[in-house]
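Structure record follows, encoded as structure tokens.
Protein chains in written order, with our numbering: chain A, 154 to 360; chain B, 37 to 344.
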């Protein structure tokens, strides 16, 4: 969680802290609830075909923080209110889908052809995937491998067997692998972004 | 894709943009007021991505999925990640997608019977019908098996006409042929499997001459293409395989494919879901992975894909 982004949007730290206080009884609980809310909004925008889900999620949170700062008791249910604001942001995005294209056009033109950029980007994936997979403890690598190795009905049987071997319920196994998958996906995304940034930097220097 | 709960069905419709405005609003309310449902939906999305990556969606679902996911950069990254997972974790098992189709068909038939049988009298009648059907099908399968054995015996003595019809090399050097999965022939249930599951064997890719082209004709029922790539004499233990379309967009790639020996020849085998192979020209690139981790070119050639 970072206040920096919200500060850029003209929000005060007082408004931000007041928002966190509404989310949880103490700073830690408030911060956790903030992350959960942001994740839920991120998914909302992803599921509703947003091209910039992170920006839309942050815009939604900014509006909620502002509202909360203006009238502290106006929001009874923070999640429901945030969902309402998210719908508004989504509608605005649908009405003016071009609003961010201007920003893209103002970016410096790419030195390399687009095909080359795309090819490099997709080449990052196998490397990043292997790097991130190898960075997991061996037992977690094995768990993921066994959880996902089969197709169709064999997968169900395999997962039941795996849960029995580990002495845990199917639900616990599902949760454990879900967290591992998320960790792996986040690592891969960060790695791809790093490589992409490094390439852009190298291109600019070359220019 | 296994039989789905009603929430999973609804969630998949939500993710694929198939709900009406009213259903959409209700779903949003539901998932944002119930945290457990929200996380369930996240899991369902993962399963949907996995099903796509493994080629387990129906043609219609696949079309809807591509409309929603592949065109959006943020979502496309998720698809690419799921594809990387499938490539890494999905091992080659004896289980074929086709056998699962057969399994699903029987499952749905059984569910239908179970749902319709509410009274004991109906249950007895249904049981008698099932026994009679089983007897008839056993006799039919036995006859089919005998017929298949005769056909196999005939085919072993002559070149396969289906291979010639399905894949036509335009140059004498590389040969590519399509045959059913070898394990699919002897079993009685294979008749169904052959309809939906096809293995394509690329027996040799010796030439590196530019302009060399191989034709691959895909039957409508095919679900997967298995490329057996015969390698020229190279010192590499592992290879990277990449398929790109005419616009140089990658349609398939697999790194670290281990070479193995088969009848005195070194080969690598990759399995590609058919939906990734759109009609047109594809460029197949093979690179060897050197010990220092660098990739070195081994071969490059065009494959013309058409659908029957």
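Glycine included, each C-beta is placed from N, C-alpha and C at the ideal position.
Which partner residues of residue i appear in the DSSP bridge assignment?
{"i": "residue 275 of chain B", "result": "B:293, B:324"}
{"i": "residue 316 of chain B", "result": "B:341"}
{"i": "residue 172 of chain B", "result": "Answer by DSSP bridge pairing: none, since residue 172 of chain B is not bridged."}
{"i": "residue 280 of chain B", "result": "B:286, B:319"}
{"i": "residue 307 of chain B", "result": "B:262"}
Where do the N-terminal and C-terminal ends of the beta strand (DSSP E) with residue i fall, by residue?
{"i": "residue 337 of chain B", "result": "331–343"}
Terminal residues of the continuous alpha helix (DSSP H) containing residue i?
{"i": "residue 255 of chain B", "result": "No alpha helix (DSSP H) contains residue 255 of chain B, which DSSP labels as neither H nor E."}
{"i": "residue 125 of chain B", "result": "109–125"}
{"i": "residue 190 of chain A", "result": "180–200"}
{"i": "residue 324 of chain A", "result": "323–359"}
{"i": "residue 242 of chain A", "result": "231–248"}
{"i": "residue 84 of chain B", "result": "71–89"}
{"i": "residue 218 of chain A", "result": "206–223"}
{"i": "residue 174 of chain A", "result": "166–176"}
{"i": "residue 45 of chain B", "result": "42–51"}
{"i": "residue 102 of chain B", "result": "Neither: residue 102 of chain B is in no alpha helix (DSSP H) and is coded neither H nor E."}
{"i": "residue 293 of chain A", "result": "291–301"}
Beta-carbon within less than 7 angstroms of residue i's beta-carbon, same chain only, minus the 5 sequence neighbours each way: which residues are those?
{"i": "residue 344 of chain B", "result": "253, 254, 255, 256"}
{"i": "residue 123 of chain B", "result": "290"}
{"i": "residue 180 of chain A", "result": "173"}
{"i": "residue 106 of chain B", "result": "112, 115"}
{"i": "residue 191 of chain A", "result": "210, 214"}
{"i": "residue 283 of chain A", "result": "none"}
Note down the Cα distance separating residue i from residue j, rounded to an integer number of angstroms.
{"i": "residue 316 of chain A", "j": "residue 309 of chain A", "result": "11 angstroms"}
{"i": "residue 214 of chain A", "j": "residue 228 of chain A", "result": "13 angstroms"}
{"i": "residue 209 of chain B", "j": "residue 338 of chain B", "result": "With a pLDDT of 36 at residue 209 of chain B, under the threshold of 50, the modelled position of this residue cannot be trusted, and the question is left open."}
{"i": "residue 268 of chain A", "j": "residue 327 of chain A", "result": "Low confidence applies here, because residue 268 of chain A scores a pLDDT of 46, under 50, leaving its location unreliable and the question unanswered by this model."}
{"i": "residue 273 of chain B", "j": "residue 320 of chain A", "result": "39 angstroms"}
{"i": "residue 247 of chain A", "j": "residue 343 of chain A", "result": "28 angstroms"}
{"i": "residue 74 of chain B", "j": "residue 43 of chain B", "result": "11 angstroms"}
{"i": "residue 180 of chain B", "j": "residue 287 of chain B", "result": "39 angstroms"}
{"i": "residue 31 of chain B", "j": "residue 55 of chain B", "result": "Lying outside 37 to 344, the shown extent of chain B, residue 31 of chain B is not represented and no answer is given."}
{"i": "residue 287 of chain A", "j": "residue 339 of chain A", "result": "14 angstroms"}
{"i": "residue 90 of chain B", "j": "residue 170 of chain A", "result": "46 angstroms"}
{"i": "residue 81 of chain B", "j": "residue 97 of chain B", "result": "13 angstroms"}
{"i": "residue 282 of chain B", "j": "residue 333 of chain B", "result": "19 angstroms"}
{"i": "residue 172 of chain B", "j": "residue 163 of chain B", "result": "14 angstroms"}
{"i": "residue 341 of chain A", "j": "residue 279 of chain A", "result": "9 angstroms"}
{"i": "residue 176 of chain A", "j": "residue 334 of chain A", "result": "28 angstroms"}
{"i": "residue 166 of chain B", "j": "residue 178 of chain B", "result": "18 angstroms"}
{"i": "residue 336 of chain B", "j": "residue 95 of chain B", "result": "30 angstroms"}
{"i": "residue 58 of chain B", "j": "residue 225 of chain A", "result": "32 angstroms"}
{"i": "residue 204 of chain A", "j": "residue 108 of chain B", "result": "6 angstroms"}
{"i": "residue 169 of chain B", "j": "residue 176 of chain B", "result": "10 angstroms"}
{"i": "residue 308 of chain B", "j": "residue 238 of chain A", "result": "43 angstroms"}
{"i": "residue 193 of chain A", "j": "residue 296 of chain B", "result": "47 angstroms"}
{"i": "residue 271 of chain B", "j": "residue 302 of chain B", "result": "11 angstroms"}
{"i": "residue 336 of chain A", "j": "residue 251 of chain B", "result": "42 angstroms"}
{"i": "residue 328 of chain B", "j": "residue 294 of chain B", "result": "16 angstroms"}
{"i": "residue 277 of chain A", "j": "residue 355 of chain A", "result": "16 angstroms"}
{"i": "residue 284 of chain B", "j": "residue 183 of chain A", "result": "48 angstroms"}
{"i": "residue 77 of chain B", "j": "residue 104 of chain B", "result": "16 angstroms"}
If I measure Cβ to Cβ from residue i and keep anything under 8 angstroms in the same chain, skipping five residues before and after, which residues do I get?
{"i": "residue 135 of chain A", "result": "Since the displayed chain A opens at 154 and closes at 360, residue 135 of chain A lies outside it and no answer follows."}
{"i": "residue 121 of chain B", "result": "86, 89"}
{"i": "residue 313 of chain A", "result": "323"}
{"i": "residue 129 of chain B", "result": "Low confidence applies here, because residue 129 of chain B scores a pLDDT of 42, under 50, leaving its location unreliable; read the following figure in that light. For residue 129 of chain B, where only same-chain residues beyond five positions count, there are no Cβ hits under 8 angstroms."}
{"i": "residue 100 of chain B", "result": "52, 53, 54"}
{"i": "residue 110 of chain B", "result": "none"}
{"i": "residue 217 of chain A", "result": "172, 228, 231, 234, 235, 238"}
{"i": "residue 289 of chain A", "result": "297, 333, 336, 337"}
For residue i, I'd like the list of residues in its chain whose CB is within less than 6 angstroms of its CB, leaving aside the five on either flank, ordered along the chain.
{"i": "residue 303 of chain A", "result": "311"}
{"i": "residue 61 of chain B", "result": "none"}
{"i": "residue 292 of chain B", "result": "274"}
{"i": "residue 245 of chain B", "result": "The predicted model places residue 245 of chain B with a pLDDT of 45, which falls under 50 and marks its position as unreliable, so this point remains unresolved."}
{"i": "residue 305 of chain B", "result": "264"}
{"i": "residue 212 of chain A", "result": "242"}
Is residue i near the ligand ZN, with its Cβ less than 7 angstroms from a heavy atom?
{"i": "residue 254 of chain B", "result": "The ligand ZN is absent from the structure shown, which contains no ligand whatsoever."}
Is the number of C-beta pairs between the segment 293–301 of chain A and the segment 40–50 of chain B that are closer than 8 angstroms three or more?
no
Below 8 angstroms, how does it come out for the segment 264–282 of chain B and the segment 323–334 of chain B: are there three or more Cβ pairs, yes or no?
yes
Would you check if there are 3 or more beta carbon pairs closer than 8 angstroms linking the segment 240–250 of chain A to the segment 195–213 of chain A?
yes
Is the segment 80–90 of chain B close to the segment 112–126 of chain B, with three or more CB pairs under 8 angstroms?
yes
Does the count of Cβ pairs from the segment 231–239 of chain A and the segment 64–71 of chain B closer than 8 angstroms reach three?
yes
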